[in-house]
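J.: By this note's numbering, the letter at position 51 of the sequence shown is numbered 43, and the numbering carries on one by one without gaps. We put the beta carbon where it would ideally sit given N, CA and C, even for glycine. As the structure is a prediction and not an experimental result, all values here were calculated from the model. The following block contains the structure, expressed as structure tokens.
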Amino acid sequence: MRRRHIPQRTCIACRKVQNKRDLIRIVRTPEGEVVIDPTGKRSGRGAYLCPSQECWQNVIASGGRRLAQALKVPIDAETLAMLEAYAKDLPPPASQDEQGAGANAPA
């Protein structure tokens, strides 16, 4: 039996390729508005980000340059503020201690 195809997308911040459903889509609507699309179904040109504060902060720190390139539209201060507000609710980046603790934990 054939395995079902799972769409893959690349995070514009860290460039990791992941399942489309595991990423958060930001879309430029046909009217030119930039919005966060949690359903991934709005029409328009989309860009994808990992659901971690680290990736979102990288995009915000670049002044939205990466997002502007992906969506082919200038990113204004209002849009950056919207992205920052959304990023606050995302999980914080894992520290080195947390990442390595599982492999080296005492038995």
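(1) To the nearest angstrom, how far is it from the Cα of S44 to the Cα of Y78?
(2) Which one or two residues does DSSP pair with L75 in a beta bridge?
(3) What did DSSP end up calling R57 once you bin it into helix, strand or coil?
(4) For E13, does the three-state DSSP call read helix, strand or coil?
(5) Under 8 Å by Cβ, that's how I've got G55 and T71 pegged, so tell me the actual separation to the nearest angstrom.
(6) How many whole angstroms separate the CB atoms of R1 and V19, which I take to be in contact at a CB cut-off of 8 Å?
(7) Measuring CA to CA, which of M(-7), V51, R37 and I52 is closest to T21?
(8) Measuring CB to CB, does V65 end up less than 9 Å from I4?
(9) What first and last residue would you give for the beta strand (DSSP E) that runs through D29?
(10) DSSP state of C42, grouped into three classes?
T.: This is what the structure gives:
(1) 11 Å
(2) Answer by DSSP bridge pairing: none, since L75 is not bridged.
(3) helix
(4) According to the sequence shown, residue 13 is Arg rather than Glu. It is helical.
(5) No, G55 and T71 are not in contact; Cβ-Cβ is about 11 Å, not under 8 Å.
(6) Incorrect: roughly 13 Å between the Cβ atoms, too far for contact.
(7) R37
(8) No, the pair does not count as a contact, with Cβ atoms beyond the cut-off.
(9) V26 to D29
(10) Residue state, collapsed to three classes: coil.
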